[in-house]
Amino acid sequence: MLDTLHKMLTLIPHYFVSELYKLTGEVLGEGAYASVQTCVNIWTDLEYAVKIIDKIPRHSRSRVFKEVETFHHCQGHPNIIQLIEFFEDEERYNMVTCICVCVCVLLVA
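Each residue of the sequence shown is one higher than the one before, starting from 87 at the first, in the numbering used here.
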């Protein structure tokens with residue numbers, strides 16, 4: 087399945103994430119090799135989250151494609167964020183997803 091997904095992604099016209107999205111500067115989370123930030127689609131003005139994964143020798147490409155494949159299998163599920171687009175350039179991988187809004191409910195007994 088990973089080979090098929092990789093072939094599909096290479097057939098998509100190559101765009102850079104910066105051609106379609108503008109980072110807002112708001113960091114939603116950070117890890118050792120990746121960060122999640124908000125971005126805005128420059129054509130629709132809709133806000134999304136983008137997971138930016140730095141390409142480093144210890145972080146395998148197949149691991150990133152496995153995550154993309156998992157998003158693909160969960161497409162349309164109401165309780166899982168949706169992958170909008172995936173971009174790869176020479177320095178990083180970018181996964182654009184729907185942004186989650188957490189609604190906390192306080193139950194008082």
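A virtual CB, placed ideally from N, CA and C, is assigned to each residue, including glycine. Source: prediction; values computed, not measured.
Under DSSP, glutamate 112 takes part in no beta bridge, so it has no partner. Just so you know, the alpha carbons of leucine 106 and arginine 178 end up roughly 16 Å apart.
Under DSSP, valine 126 forms a beta bridge with Lys108 and Glu133. Separation of the CB atoms of threonine 124 and leucine 114 is rounded to 6 Å, and the pair is thereby assigned contact status at 8 Å. The DSSP-derived three-state label of serine 146 is coil. In the structure shown, the three-state DSSP call for glutamate 174 is strand.
Within the DSSP bridge table, the entry for valine 182 names Val136 and Glu171 as partners. By the CB criterion at 9 Å, methionine 181 and lysine 137 fall inside the cutoff.
Valine 150 is classed as buried because its beta carbon has at least 16 other beta carbons within 10 Å across all chains shown.
Within 10 angstroms of the beta-carbon of alanine 135 lie 16 or more other beta-carbons, which makes it buried.
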